[in-house]
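First residue of the sequence shown? That's -16 in our numbering, and the numbers climb one at a time after it.
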Amino acid sequence: MSNSNRHRVEKVEGRSRVVIVVSIVLALRIIGGFVEYPRFWSMDVLRYVDLPLALLACVAAAGFLLPSTEKLLRRVAAFVAGERSSAVFWCVVAVFGALCVLFPMRTFFYGDGGSYVPEIFKLGRDPGYFSELLWSIRSAPLAGVMVVLITRMLPHVLHALGLALPQTSVFPFHVLSILWLGVFAVGIRLLAKREERVTLLVLLLGSGASLHFFGYVELYLPVLVSLTLFFLAGLRALESGRKWPAVFLFLLACTAHVYTIALLPALLYVLLFNTRLFPPSLRTTRGVLWSSLGVFLAGIVVYFASGLWNQDGRIVMSAVSIPRPAGVQSYTLLSAAHLLDLINLPLLLAPVSTVFLLVVAARRRHAAEESSPAVHFLLLALISFGVFLAFANAVFGWARDWDLAAPLGVIISLLAYVVAGRMKPASPALPAGLALASLVFVAPWIVMNVSEESSTRRFERIIELDAENMYADYALSGFEALRKHYLHEADYANEMRVEKRMVERLGYAEHYRLLINSAGVLADTKSPRAASEYLWVLQRLLHQADGLQRKGLRGDYAITFARIDSLAAACAYQAYLRKAHGGLAETIEVLAARHGLATARDVLQGMEAFTAARYDDAQRLLSSGAAKGFETGKLAALQCGALLMLGRGADAEAKYREAVQKYPSEGELRFLMGYGYLTLGDRRGIALLKEAEGMNPTEDMRRQIAEILKQIK
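Okay, structure coming up:
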């Protein structure tokens, strides 16, 4: 073939590969942005970013389809491999690092982020506090130790420098991100060839895993960086024979997270390569695939023979649904949701490289040319890590636990890079095209997550994916993180909406209490919706009581009849105080008649009777509520007042002494007792009113006290 024909073929081949790959990924992104199918969460980012940015992302991706792009990519590839490659490399690192500092993540939804932030807060307030969760000795000790040290030491360093303290509890993860970005950059600089450094850097930053550098609240960043450098060191070892850097980095990754052991086959490949112990079956791509299949089948046999397939473990996923009091775990090994999520993972973490490898696999004529020890090493890493992910018990579902799988994107990206570099006819523009296209497609993913509004909207959709497919406690952890976010933003309407969803999912007493408090906040704003929110709580309590009765139980995993009775009373009490109790009586009566849960009825009717000056009824009903375990300082004060009005002074004084012991800071006790005394002509009431006046009374009570004392004078 002449040089001109070879150049023409090379140009067509190189351009066609980039065009095919980018076209497919762009089409998937557009479909994910408009088609309402939540399980397609790997490609849904355009749904959540602003329209101008979505259009810009699509236009930038479409630019790779232009005929002139091939020439531009060749020039870029030549430039970044030239004499200025080192300067370009550090410029890319500096720009990316600046973006990480200027636009850090503010949310902490995924994984265990919602649990880590309160621990950091406690650690910052109490230097002697020990956080077993943050230390994470059993799973991720390296990151855990670093987070704890940063939390304890950074405020002192900033104070010594005269700088302001961090305004957010996630600051240790922001610092951790920058430190490990430095390790990441230095590692690539040392391990990659000069002419490949910039392309590899851009390609790896184009993985979805790069979101970890933006202050992602999890402990997976050190293992991600360590494994990335291990793969690079392994590739160099296959060429140079220097294996100790790969061994060191693998051991470092093991200290970063125990799941690194899943990549032991890749380490063994490097250690045994070019030795007498190297298996002949691993010298060809076909041999690697067959050997991996054999090991996989052996693992399947062990999985079923050992009984792991039907055990409820935190490490290995079960193949069957397992019921628990908190629900049924139907997100299982062979469930459609799990299998679809496994397909989503590579498309989220390395969409361009994944599609490229699929296109190459479909055009099998290049297979022999692409076979090499580097391909086999990465293929072995991909298979072993992929098998680990398939069997790992992602208790939150992979849409939430995607960060655990982040190294998968690195493996796929590096495999695509190696394959692209070995394809014939050679196209220098192909690796550069893959790297730049990856960066273009990862940008909306990062923008979506660093934006509080868009990341919140997407996470709320994500947690609903499997809220009914997993144990309720797992689902509730996501809702709780979302609730705290809305509370922090003073978005009480959305906070209440999430609290309702938490109650619907399981119905813990503590979530009812949160919802009752939120309804109180709403009532304090004089919102007409407050009464309907209190009614919703009561109706939901009735629903749970009906469910317990159908099962013939007095209580279950989440709640008991006694708790339902107390919560209904608290709801009625709070609603009456805020004059938002209209429409509640019917549901309260049903609770009493159908289930014998009459405390709410006694409390509500007792307060109404006191207001109507029916003191005999008030004292009887409020005493009944107290006997059933529901009493507050205000209700005790009403009982004291009712007894005084009934002429039972001795009983009133006895109740008052008892109540003061139980509610020493309740000013209304003094107010009602003092008012009752004065009504009966007993001037002892003056001292009690003055005492109440000094106990931070409400504005209404302060006004009443002032008027009464003025009349006496």
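Glycine residues also receive a C-beta, built at the ideal position from the N, C-alpha and C atoms. Just so we're clear, the structure is a prediction, and the values are computed from it rather than from any experiment.
- Taking a cut-off of 8 angstroms on C-beta distances, the segment 43 to 50 does not touch the segment 368 to 376, as fewer than three cross pairs fall below it.
- Of Arg667, Ser355, Arg444, the smallest CA-CA separation from Arg383 is found for Arg444.
- Assignment of beta-bridge partners to Val486 by DSSP yields no partner.
- Secondary structure within the segment 369 to 413: the alpha helix (DSSP H) runs of 4 or more consecutive residues, fully enclosed, are 389 to 405 (chain order).
- Taking the Cα positions, Leu39 is about 23 angstroms away from Arg0.
- Residue ranges of uninterrupted alpha helix (DSSP H) with 4 or more members, entirely inside the segment 608 to 675 and ordered along the chain, are 616 to 628, 632 to 645, 650 to 662.
- Annotation: the continuous alpha helix (DSSP H) that includes Arg533 extends over 513 to 534.
- Here Leu626 has Gln602, Asp634, Ala635, Lys638 as same chain residues with Cβ atoms under 7 angstroms from its own Cβ, once five neighbours each way along the sequence are excluded.
- For Gln557, the enclosing alpha helix (DSSP H) stretches over residues 544 to 560.
- When Cβ pairs closer than 8 angstroms are counted between the two stretches, the segment 98 to 113 is seen not to touch the segment 440 to 458, the count staying below three.
- Rounded to the nearest angstrom, the Cβ distance from Val206 to His240 is 4 angstroms, consistent with a contact under 8 angstroms.
- Note on Thr681: under 16 other CB atoms within 10 angstroms of its CB, so exposed under the neighbour-count rule.
- For Thr662, the closest C-alpha among the options Thr238, Met628, Lys54, Leu671 is that of Met628.
- An exposed status is given to Ile283, since fewer than 16 other beta-carbon atoms sit within 10 Å of its beta-carbon.
- Annotation for Arg219: the continuous alpha helix (DSSP H) segment containing it runs 204 to 223.
- Val402 and Arg30 have their C-alpha atoms roughly 33 angstroms apart.
- Counting only runs of 4 or more residues that sit fully inside the segment 217 to 287, the alpha helix (DSSP H) segments are 227 to 239, 247 to 255, in chain order.
- According to the DSSP secondary-structure assignment, Arg58 is paired through a beta bridge with no residue.
- Exclusion of the five residues before and after Tyr475 leaves Tyr469, Ser501, Val504, Leu505 as the residues of its chain whose Cβ lies within less than 8 angstroms of its Cβ.
- The beta carbons of Met431 and Val78 sit no closer together than 7 angstroms.
- For the 7 angstroms CB-CB criterion, Val573 and Arg523 do not form a contact.
- Phe654 and Val153 have their C-alpha atoms roughly 46 angstroms apart.
- Within 10 angstroms of the beta-carbon of Met26 lie 16 or more other beta-carbons, which makes it buried.
- For the set Gln557, Asp507, Leu117, Phe261, the Cα lying nearest the Cα of Glu201 is the one of Leu117.
- Assignment of Gln294 by DSSP, reduced to helix, strand and coil, places it in the coil class.
- With fewer than 16 other beta carbons inside 10 angstroms of its own, Asp109 counts as exposed.
- Under the DSSP assignment, Pro329 falls in the alpha helix (DSSP H) whose first and last residues are 319 to 332.
- Rounded to whole angstroms, Asp507 and Thr615 show a C-alpha spacing of 20 angstroms.
- Between the alpha carbons of Ala689 and Ile547 lies a gap of roughly 40 angstroms.
- For the 7 angstroms CB-CB criterion, Ala333 and Ser396 form a contact.
- Excluding five sequence positions before and after Ala609, the CB atoms of its chain that fall closer than 8 angstroms to its own CB belong to Leu618, Ala619, Gln622, given in chain order.
- Residue pairing for Arg180: DSSP places it in no beta bridge.
- For Trp163, the closest of Arg225, Leu235, Met590, Asp95 by C-alpha to C-alpha distance is Leu235.
- Arg405 and Ile394 have their C-alpha atoms some 17 angstroms from each other.
- Shortest Cα-Cα distance from Asn376 to any of Met453, Gly416, Glu436, Arg297 involves Arg297.
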